[in-house]
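Engineer: Here you go, one structure.
Residue numbers (our numbering): 995 to 1405.
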């Protein structure tokens, strides 16, 4: 089985659904798209979908009914709903019916990736960044733990906050993936889809979020593994998993089986002195050598709380590669913030909300400015613009034509 998470995007806005699908595929997800609830339900009944991202307002089957039907399946997927103005009550109903989360429209691709990362338990790509990069005491402690567990085949439990590099470390602990493949088991109830007999590594993401039923199923899976010829088990969870593990027999046994060897990854806010080394590693080979933060920028970065940990730092570096050193001076709270701030910096204060104000015109003005800025920073490289702005090429071409910003004559 592929160790990627399969996501089904459901939206009757075809361009929006297609664009989100492209973003997901770029970020190592298997993305499928359905343009109505009926088609989506047919796909779900075929099995193999891990997460559903669905709009609420659709016809003939709306998102609420799709959610209700999805949760009734033998192996229900996780569901995240998209809600817009006027659908707050529907969002509340969706959560009551078992939706894992909701996102407000317009949906930001970065927010979708953030929420999916929480479900999957790993981070957006960090370009091969080593979690023990740096010279702080915390980094040295991680390096020592990694070196110790690498020599063993015993099960490993990685504890850390989302974005701290748990999945990267899990794969780094098993470098010979070509000869001994890495598989991920996101749903213990679907263990039959995974080859559990072959050697290699079996990754168990987010074991702290398992339902009691999945805990029982996972214990059964672990009991069936061959300790000599079977895969090595590498699991990860958030800090506190061991202390707050369920006291019932299944929860207790699961903790004992997984926590044979434990590696603890510190949050980035506890190792800020490593940020210069981490940032240099992220930029190395991908940006000019002179692209380095100034002292003032570095001071601001080290004062930041980094709720997204290494994932957030990697996103900052990605923006700097595209937009240059100015992106390093901005708070990395949202992947598109560098673009938006640069594009709107010359437009003055927020618009006055008075009679005659047009939200549509204001948003179009901001959108045009963002496109101009992206065009300048990427030297009109359409692939780079599409990647940074999080839109598909067809959508980008349409927007450039709409605002008469198409010097390439059709892109």
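Every residue, glycine too, gets a C-beta built ideally from N, C-alpha and C. Model, not experiment: these values are computed from the prediction.
Using a Cβ-Cβ cut-off of 8 angstroms (strictly less than) and excluding sequence neighbours within five positions of residue 1275, which residues of its own chain qualify?
Structural biologist: Reading the chain shown from its first residue, position 281 is the one you call residue 1275. Only 1123, 1124, 1127 meet the Cβ criterion.
Engineer: Taking residue 1289 as part of the alpha helix (DSSP H), name the residues at either end of that continuous run.
Structural biologist: On the chain shown, residue 1289 is found 295 positions in, with the first residue counted as 1. Residue 1289 -> alpha helix (DSSP H) spans 1289-1297.
Engineer: Cβ-heavy atom distance between residue 1304 and the ligand ZN below 7 angstroms?
Structural biologist: This structure lacks the ligand ZN; in fact it carries no ligand of any kind.
Engineer: Take the Cβ of residue 1077 as the centre, count every other Cβ of all protein chains shown within 10 Å, and call the residue buried at 16 or more, exposed below.
Structural biologist: Locating residue 1077 in the chain shown gives position 83, counting from the first residue. The residue in question, residue 1077, is buried, as its Cβ has 16 or more Cβ neighbours within 10 Å.
Engineer: Quick one: what's got a C-beta closer than 6 angstroms to residue 1129's C-beta in the same chain, skipping five residues either side?
Structural biologist: Position 135 of the chain shown holds residue 1129. Around residue 1129: no qualifying Cβ.
Engineer: With distances taken between CB atoms, is the gap from residue 1261 to residue 1303 smaller than 8 angstroms?
Structural biologist: Looking up residue 1261 in the chain shown gives position 267. Looking up residue 1303 in the chain shown gives position 309. Going by C-beta atoms, residue 1261 is nearer than 8 angstroms to residue 1303.
Engineer: Quick check on this structure: which residue in 1189, 1226, 1222, 1180 has the alpha carbon closest to the alpha carbon of residue 1205?
Structural biologist: On the chain shown, position 211 is the one that residue 1205 refers to. Ranking the options by Cα distance to residue 1205, first place goes to 1180.
Engineer: Among 1096, 1102, 1054, which has the Cα closest to the Cα of residue 1013?
Structural biologist: As a working mapping, residue 1013 is identified with position 19 in the chain shown. Comparing Cα positions, the closest option is 1102.
Engineer: Can you tell me whether residue 1028 is helix, strand or coil according to DSSP?
Structural biologist: The sequence position of residue 1028 within the chain shown is 34, counting from 1. Note: residue 1028 maps to strand in three-state DSSP.
Engineer: Name the two residues that bound the continuous beta strand (DSSP E) containing residue 1252.
Structural biologist: On the chain shown, position 258 is the one that residue 1252 refers to. Residue 1252 -> not in any beta strand (DSSP E); alpha helix (DSSP H) instead, spanning 1243-1252.
Engineer: Tell me whether residue 1197 sits in a helix, a strand or coil according to DSSP, three-state version.
Structural biologist: Working through the chain shown from its first residue, we reach residue 1197 at position 203. Correct three-state label for residue 1197: strand.
Engineer: Going along the chain, which residues of its own chain have a beta-carbon closer than 7 angstroms to the beta-carbon of residue 1042, five neighbours each way excluded?
Structural biologist: Reading the chain shown from its first residue, position 48 is the one you call residue 1042. Within the same chain, residue 1042 has close Cβ partners 1000.
Engineer: Which complete beta strand (DSSP E) runs does the stretch 1030-1058 hold, if anything under 3 residues is left out?
Structural biologist: You should have 1045-1049.
Engineer: Provide the residue span of the beta strand (DSSP E) that contains residue 1072, from first to last.
Structural biologist: For the purposes of this step, residue 1072 is taken as the residue at position 78 of the chain shown. Segment 1072-1077, the beta strand (DSSP E) holding residue 1072.
Engineer: What did DSSP end up calling residue 1016 once you bin it into helix, strand or coil?
Structural biologist: As a working note, residue 1016 is residue 22 in the chain shown. Residue 1016: helix per DSSP, three-state reduction.
Engineer: Straight-line CA distance for residue 1297 to residue 1246?
Structural biologist: Within the chain shown, residue 1297 is the residue found at index 303, counting from 1. Within the chain shown, residue 1246 is the residue found at index 252, counting from 1. When rounded, the distance between both Cα atoms is 40 angstroms.
Engineer: Straight-line CA distance for residue 1148 to residue 1186?
Structural biologist: Position 154 of the chain shown, counted from the first residue, corresponds to residue 1148. Position 192 of the chain shown, counted from the first residue, corresponds to residue 1186. Residue 1148 and residue 1186: Cα-Cα distance of roughly 23 angstroms.
Engineer: Based on the DSSP secondary-structure assignment, which residues constitute the bridge partners of residue 1152?
Structural biologist: Working through the chain shown from its first residue, we reach residue 1152 at position 158. According to DSSP, residue 1152 bridges with 1230, 1257.
Engineer: So who's on the other strand from residue 1143, going by DSSP bridges?
Structural biologist: Translated into the one-based positions of the chain shown, residue 1143 becomes position 149. Answer is none; residue 1143 lacks a bridge partner.
Engineer: Let me know if residue 1280 comes out buried or exposed under the rule of 16 or more other beta-carbons within 10 Å of its beta-carbon.
Structural biologist: Position 286 of the chain shown, counted from the first residue, corresponds to residue 1280. By the neighbour-count rule (16 or more Cβ atoms within 10 Å), residue 1280 is not buried but exposed.
Engineer: Distance check for residue 1398 and residue 1161, CA to CA, integer angstroms please.
Structural biologist: Reading the chain shown from its first residue, position 167 is the one you call residue 1161. Reading the chain shown from its first residue, position 404 is the one you call residue 1398. Cα to Cα, the separation comes out at about 44 angstroms.
Engineer: Should residue 1075 and residue 1048 be called a contact, given that it needs their Cβ atoms to be closer than 8 angstroms?
Structural biologist: Position 81 of the chain shown, counted from the start, is the residue given in the question as residue 1075. Position 54 of the chain shown, counted from the start, is the residue given in the question as residue 1048. For residue 1075 and residue 1048, yes; Cβs fall inside 8 angstroms.
Engineer: Going by CA-CA distance only, name the one from 1220, 1238, 1133, 1198 that's closest to residue 1164.
Structural biologist: For the purposes of this step, residue 1164 is taken as the residue at position 170 of the chain shown. Ranking 1220, 1238, 1133, 1198 by Cα distance to residue 1164 puts 1198 first.
Engineer: Any idea which residues DSSP pairs residue 1277 with across the strands?
Structural biologist: Indexing the chain shown from 1 puts residue 1277 at position 283. DSSP output for residue 1277 lists no bridge partner at all.
Engineer: Among 1139, 1064, 1068, 1031, which residue has its Cα nearest to the Cα of residue 1051?
Structural biologist: By one-based count along the chain shown, residue 1051 stands at place 57. Residue 1031 is the option with its Cα nearest to residue 1051.
Engineer: Do residue 1257 and residue 1139 come within 8 angstroms of each other at the CB atom, strictly closer than that value?
Structural biologist: Numbered from its first residue, the chain shown carries residue 1139 at position 145. Numbered from its first residue, the chain shown carries residue 1257 at position 263. In this structure, residue 1257 lies closer than 8 angstroms to residue 1139 by Cβ.
Engineer: Note down, in chain order, each residue of its chain lying with its Cβ closer than 7 angstroms to the Cβ of residue 1143, except the 5 sequence neighbours on either side.
Structural biologist: Along the chain shown, read from residue 1 onward, the residue named residue 1143 stands at position 149. For residue 1143, where only same-chain residues beyond five positions count, the Cβ hits under 7 angstroms are 1150, 1167, 1255, 1257.
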